[in-house]
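S.K.: Structure below; questions to follow.
Numbering (my numbering), first residue to last: 4 to 87.
Structure below.
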């Protein structure tokens, strides 16, 4: 879950509310090592996307993986010579 807030106090409150709901109502466990509050200037990686204050982009490793898949699907040499 990614929650965006306008202030640190708002983010801390939203975290408490979300954690209480997830653990109390839904009986889910919130992973403390993956749960943190950061400023958007630092950026956050979420579901293959990097989110910053001024931009959002696909993670570099996801772009590389996509290019590899596309290259495998569109082989340049199909075994047909120019003389054919």
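Note that the Cβ used here is the ideal one computed from N, Cα and C, for glycine as well.
1) For residue 123 versus residue 40, is the C-beta spacing smaller than 9 Å?
2) Among 33, 50, 58 and 62, which residue has its Cα nearest to the Cα of residue 44?
3) Give every residue of the same chain whose Cβ lies closer than 6 Å to the Cβ of residue 5, excluding the five residues on either side of it in the sequence, and list them in chain order.
4) Specify the secondary structure class of residue 64 as computed by DSSP and reduced to three states.
5) Counting along the chain, where does the beta strand (DSSP E) carrying residue 53 start and finish?
M.R.: Looking at the atomic coordinates:
1) Past the boundaries of the shown model lies residue 123; the chain is included only from 4 to 87, so the question cannot be answered.
2) Looking at the Cα atoms, 58 is the closest of the given residues.
3) 49
4) helix
5) 52 to 54 is the extent of the beta strand (DSSP E) around residue 53.
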